[in-house]
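As structure tokens, the structure follows; a few thoughts come after it.
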Amino acid sequence: MDKGLLKAISENMPYVESRTCARHIYARFGKTYNKVELKMQFWKCAKITNMTEFNREMEVLKQMDSDAHEHLVTNWDPRFWSLAYASDISKCDVIDNNTYECFNGVILEARHKPIISMLEDIRVYVMRRIVRNKKAAEKWKANYGPRIIAKLEKIRTRAAKWEVEWNGAAIVYDGSDLLDYIDPCYSKEVYLKAYEKLLTLVKGLKFWPEQDAEEVLPPSVPKKKGRRQIERRREKLEGRKGYKKPRIGRKMRCGICRKPGHNRSKCPANHLNMGASSKPNPKQPSSSQPNSSTVKKKGKKAMQHGVQRHYTIINPGKETQVTIGIHVDGPPQNMTSVKELKEAERRKSMHAREAATNEARTQQSRETC
1 MDKGLLKAIS
11 ENMPYVESRT
21 CARHIYARFG
31 KTYNKVELKM
41 QFWKCAKITN
51 MTEFNREMEV
61 LKQMDSDAHE
71 HLVTNWDPRF
81 WSLAYASDIS
91 KCDVIDNNTY
101 ECFNGVILEA
111 RHKPIISMLE
121 DIRVYVMRRI
131 VRNKKAAEKW
141 KANYGPRIIA
151 KLEKIRTRAA
161 KWEVEWNGAA
171 IVYDGSDLLD
181 YIDPCYSKEV
191 YLKAYEKLLT
201 LVKGLKFWPE
211 QDAEEVLPPS
221 VPKKKGRRQI
231 ERRREKLEGR
241 KGYKKPRIGR
251 KMRCGICRKP
261 GHNRSKCPAN
271 HLNMGASSKP
281 NPKQPSSSQP
291 NSSTVKKKGK
301 KAMQHGVQRH
311 YTIINPGKET
321 QVTIGIHVDG
331 PPQNMTSVKE
341 LKEAERRKSM
351 HAREAATNEA
361 RTQQSRETC
């Protein structure tokens, strides 16, 4: 299909420059030759902007693996995926189709709607985008966009340390304005001209002219089995979306003391651990988990002042175990969360209110008799 499109474009539009997505080419090329050094060499060949270095790097690829070089050149013409063959007419140096992938991601929800609703959503999105970009360009302080200025400043900083031999660094040495050497296609005037034409409003369905013809109904779409596919199928070399590398083999450090061997929940410097060690022994009670004798002593000491105190253990047996001393009337309880602890207090107060209400009703009935 790709070869047919390239042939059709070259025959019908011979003066139009066309490119293929280098990322998709490598996704197919990497299925057979998936070595890391071949991957790095492929992208080096794709991003080179002159033929001399391109031929030299392709020769390096051939020396690394002659079969991979022959497979790449035979199946995919370098004229369509390397910047070395790109002309200076096009001012874009993109060799992948990430721009189109981003647009497809924006209209992803609209693509599952009927044709009229889908086109309406796309029209509204494009209309708002044109106005938004136009207003943003009108606020430019310079004659070029902020991204172009930032990129130019980065190049100027890098070229400031070069020795002048009448090359690009001579512009800075001569004191000329670098903005005079930027192509006019990046100027504010050209940018506003690209967004000067706005999309006209489309009248609603009730304003459409009526025709004496058969009503056009949407085609019946058969419902497929299984879950509906929303995202595109990713290649094996791309990896999963939102995938994070495993922590196997990585040396973890505490987020509080920055020492290895434990995490924040087991750090001795964490005030929630109440002085617990980084590796508590479950067989021996730690300082954050008092035994029965400790509870009795503290409870007895509290009773001398007329206050009964018991210890409630939150998340017992887990890394986030916390011991809290509270005033309760019953024996100590093991709560699995603070929410259950609050629920127990709420039930206790509710029972107390019910008991007081019943007592008042009993007293009132006795007085009536």
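Under the UniProt record's numbering, think of the first position of the sequence shown as 1, with each following residue one higher. Each residue gets a CB set at the ideal place from its N, CA and C atoms; glycine is no exception. These numbers were taken from a predicted model, which means no experiment stands behind them.
Asked                                                                                                  : Found
Residues sharing a beta bridge with proline 260, DSSP                                                  : Arg253
Beta-carbon proximity list for isoleucine 115, same chain, < 6 Å, skipping 5 on both sides             : none
Asparagine 281 - DSSP class collapsed to helix/strand/coil                                             : Legend: pLDDT at asparagine 281 = 48, less than 50; position of this residue unreliable, value from coordinates given subsequently. In this structure, asparagine 281 counts as coil in the three-state DSSP scheme.
Inter-stretch contact at 8 Å, needing at least 3 Cβ pairs: the stretch 142–156 / the stretch 54–63     : no
Serine 187 in three-state terms, based on DSSP                                                         : strand
Member of Lys47, Ser87 and Asn75 whose CA lies at the smallest distance from the CA of serine 18       : Ser87
Exposure label - proline 290; buried when at least 16 CB within 10 Å                                   : Its pLDDT being 45, under 50, proline 290 is placed unreliably by the model, and nothing is read from it.
Buried/exposed call for lysine 297, threshold 16 Cβ in 10 Å                                            : For lysine 297, the predicted model reports a pLDDT of 40, less than 50, meaning its position is unreliable; a value from the coordinates is still stated below. Classification of lysine 297: exposed, given that the 10 Å Cβ count is below 16.
Segment contact, 8 Å Cβ cut-off, at least three pairs: the stretch 124–142 with the stretch 189–199    : yes
Under the three-state DSSP convention, the category tyrosine 15 falls into                             : coil
C-beta contact flag for isoleucine 25 and alanine 84 at 8 Å                                            : no
The stretch 102–117 in contact with the stretch 60–68 per 3-pair CB rule at 8 Å                        : no
DSSP-derived helix/strand/coil call for tyrosine 144                                                   : strand
Where histidine 69 falls, given that 16 or more other Cβ within 10 Å makes a residue buried            : buried
Cutoff 6 Å; reference tyrosine 33; Cβ partners in own chain excluding five residues on either side     : Ala68
Contact set for cysteine 45: own chain, Cβ-Cβ below 7 Å, skip 5 residues either direction              : Phe54, Glu57, Met58, Leu61 and Ser82
Enclosing alpha helix (DSSP H) for leucine 61 [first to last residue]                                  : 51–64
Threonine 32 - containing alpha helix (DSSP H), residue span                                           : 22–32
Backbone CA spacing between threonine 157 and arginine 28 [nearest angstrom]                           : 39 Å
Which listed residue (Ser220, Gly105 and Lys193) has its alpha carbon closest to that of glutamate 231 : Gly105
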